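Chemist: Residue numbers (full-length UniProt numbering): 1 to 433. Take a look at this one; I'll ask things after.
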């Protein structure tokens, strides 16, 4: 039996890439999942070059953002877990543990501070010390104030495992740390110059006069803006015209919501006696603060909490309120960004399951069901047609007795230009950070 001669590498590569027209070939690849594309980088040089090409990466990202095949979720308790949700079968994959930068069995914990285009902004801290550092309000006896302290900040693409440690400037206090009570973070994308930006705000208080945005407390702010493109930080001059705060009762660092080229938070004007909550935005391209108009609400209900999020690519407002001794939850979406009249109610959960404050909508399925997290311990599927709620956490992974956070994201090939990867070893056989 005769044997066939093996083709040379260059000739074999030519056959692979010329049998299919280039535009059709590219169109096929941009619809495939990231896991497959990462394997295909090893096929030949031309595929490797194409899959690393910035234009192809953008094409694949746009295709993924418009896809209605499913969703990706990132769970975090002490560890990170990745989960896929398939719309075709309305089912979750089993949770798969994902290593994160700076991971150590007992020395580091990470918090997700935002995500954009499949990249996460994460804060690393020592669990023994904790992210909160407490100080007395003054040198004598009295209540404590606290500041949120991270060992490091990183950008991390869990799909490619690439990460980039951000400059230490973003975690350093330029003034007396005991005066810092609130840390605000935001992460987004400037499409005009193809650049990712990290925003960090520290508020400094007159701790003798009070903390936490009280009326008699003078507040100063310090704003840094990091550019991935230039790998530099710059200071935004002037105080932030708003005091940005967490949703009611949430004990966490303040994280922004990125939509339509701007980072959004809840806040109010730093003006005496004007403390009504506003939707505050920071336009990344123009570096301007703006107030986003809110929908009008009736005065017959009692507000419990309000929060922001993203569903179906639009800015959403989640409003919990009580009316006639029952709790309700409205989910509203701004259909046309910046236009007050475009706020539209997507659904009302009535009566709400219980007057609990911690609530995080994640996605709406093709059946109109809402996947949501509740109380940092439950993952629920809500069917608005029948008004029923199903606990689906055990379909994915059981977190016995543990709280967890979950965030939806898009798997992408977007590079961080660091050439540093989670699990990578250096020449000494040690894992790199």
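Positions of the beta carbon are idealized from the N, C-alpha and C atoms, including for glycine. If you're wondering where the values come from, they're calculated on a predicted model, not measured in any experiment.
I think residue 124 touches residue 102, with their Cβ atoms under 8 Å apart; what is that distance to the nearest whole Å?
Modeler: Confirmed, about 5 Å.
Chemist: Compute the Euclidean distance between the alpha carbons of residue 280 and residue 20, then round it to the nearest angstrom.
Modeler: Roughly 50 Å separates the two Cα atoms.
Chemist: How many whole angstroms separate the CB atoms of residue 73 and residue 96, which I take to be in contact at a CB cut-off of 8 Å?
Modeler: Rounded, the Cβ-Cβ distance is 11 Å, inconsistent with contact.
Chemist: Going by other Cβ atoms of all chains shown within 10 Å of its Cβ, with 16 needed for buried, is residue 48 buried or exposed?
Modeler: By the 10 Å Cβ count, residue 48 comes out exposed.
Chemist: If you count every other CB in all the chains shown that lies within 10 Å of the CB of residue 255, and 16 or more means buried, which is it?
Modeler: That one is buried.
Chemist: According to the neighbour-count rule (16 or more other Cβ atoms, all chains shown, within 10 Å of its Cβ), is residue 86 buried or exposed?
Modeler: Exposed, by the Cβ-count rule.
Chemist: Would the beta-carbon of residue 244 fall within 8 Å of that of residue 184?
Modeler: In this structure, residue 184 lies closer than 8 Å to residue 244 by Cβ.
Chemist: Indicate whether residue 233 and residue 182 have their beta-carbon atoms separated by less than 8 Å.
Modeler: No; because the gap between Cβ atoms is not below 8 Å, this pair is not in contact.
Chemist: Excluding the 5 residues preceding and the 5 following residue 117 in the sequence, name in chain order all residues of the same chain whose CB lies nearer than 7 Å to its CB.
Modeler: So the qualifying residues of the chain are 61, 189, 410, 412, 414.
Chemist: Based on the DSSP output, what are the partners of residue 454 in its beta bridges?
Modeler: In the structure displayed, the chain extends from 1 to 433; residue 454 sits before or after that span and is not available.
Chemist: Roughly how many whole angstroms lie between the Cα atoms of residue 434 and residue 285?
Modeler: Limits of the chain in this structure are 1 at one end and 433 at the other, which puts residue 434 out of reach.
Chemist: Less than 8 Å between the C-beta atoms of residue 362 and residue 406, yes or no?
Modeler: Cβ atoms of residue 362 and residue 406: closer than 8 Å.
Chemist: Quick check: residue 257 and residue 314, are their CB atoms within less than 8 Å of each other?
Modeler: Cβ distance not < 8 Å, so residue 257 and residue 314 don't count as in contact.
Chemist: Going by C-alpha to C-alpha distance, which of 421, 321, 162 sits closest to residue 298?
Modeler: Comparing Cα-Cα distances from residue 298 to each of 421, 321, 162, the minimum goes to 321.
Chemist: Would residue 76 be called buried (16 or more neighbouring beta carbons within 10 Å of its own) or exposed?
Modeler: Residue 76 should be labelled buried.
Chemist: So for residue 22, helix, strand or coil by DSSP?
Modeler: Correct three-state label for residue 22: helix.
Chemist: Compute the Euclidean distance between the alpha carbons of residue 214 and residue 278, then round it to the nearest angstrom.
Modeler: Here residue 214 scores only 49 on pLDDT, less than 50, and its place in the model is too uncertain to base an answer on.
Chemist: Does residue 140 come out as helix, strand or coil in the three-state DSSP assignment?
Modeler: Model confidence at residue 140 stands at a pLDDT of 47, short of 50, so the residue's coordinates are unreliable and nothing is read from them.
Chemist: Using beta-carbon positions only, say whether residue 240 and residue 292 come within less than 8 Å of one another.
Modeler: Cβ distance not < 8 Å, so residue 240 and residue 292 don't count as in contact.
Chemist: So residue 72 is in the alpha helix (DSSP H); what residue range does that whole segment cover?
Modeler: Here residue 72 belongs to no alpha helix (DSSP H); instead the beta strand (DSSP E) covers 70-76.
Chemist: Taking the C-alpha atoms as reference points, what is the distance between residue 465 and residue 198?
Modeler: Lying before the first or after the last residue shown, residue 465 is absent from the chain, which here runs from 1 to 433.
Chemist: Mind reading off the beta-carbon distance from residue 438 to residue 421? Whole number of angstroms is fine, and I expect it under 8 Å.
Modeler: In this structure the chain extends from 1 to 433, so residue 438 is not present and cannot be described.
Chemist: In whole angstroms, give me the CA-to-CA distance for residue 419 and residue 53.
Modeler: Using only the alpha carbons, I get a separation of about 15 Å.
Chemist: Which residues does DSSP pair with residue 232 in a beta bridge?
Modeler: Residue 232 pairs with 227.
Chemist: Near residue 366, which residues of its chain fall below 6 Å by C-beta distance, leaving aside the five closest residues on each side in sequence?
Modeler: Hits under 6 Å: 87.
Chemist: Among 392, 171, 268, 393, which one has its Cα closest to the Cα of residue 222?
Modeler: For the residues 392, 171, 268, 393, the minimum Cα distance to residue 222 belongs to 171.
Chemist: Got a sec? Which residues, its chain only, sit under 8 Å from residue 427 by beta carbon, not counting five neighbours each side?
Modeler: Residue confidence for residue 427 is low, a pLDDT of 34 falling below 50, so the modelled location carries little weight; the figure read from the coordinates is stated next. None.
Chemist: So the beta strand (DSSP E) residue 269 belongs to, where does it begin and stop?
Modeler: First-last of the beta strand (DSSP E) with residue 269: 262-269.
Chemist: Please classify residue 27 as buried or exposed, where buried requires at least 16 neighbouring CB atoms within 10 angstroms.
Modeler: Residue 27 comes out exposed.
Chemist: Can residue 113 and residue 25 be called in contact, C-beta distance under 8 Å?
Modeler: Result no, Cβ atoms of residue 113 and residue 25 do not sit closer than 8 Å.
Chemist: In this structure, how does DSSP classify residue 56 when only helix, strand and coil are distinguished?
Modeler: Three-state DSSP puts residue 56 in a helix.
Chemist: For residue 219, which option in 32, 203, 162 has the closest C-alpha, if you only look at C-alpha atoms?
Modeler: Out of 32, 203, 162, 203 has the C-alpha closest to the C-alpha of residue 219.
Chemist: What is the DSSP secondary structure of residue 340, reduced to helix, strand or coil?
Modeler: Helix.
Chemist: State yes or no: is the C-beta of residue 276 within less than 8 Å of the C-beta of residue 289?
Modeler: Going by C-beta atoms, residue 276 is not nearer than 8 Å to residue 289.
Chemist: With C-beta atoms as the reference, is residue 393 less than 8 Å away from residue 379?
Modeler: Cβ atoms of residue 393 and residue 379: closer than 8 Å.
Chemist: Flag this pair as yes or no: are the beta carbons of residue 37 and residue 51 separated by less than 8 Å?
Modeler: Against a cut-off of 8 Å, the Cβ pair of residue 51 and residue 37 comes out as a contact.
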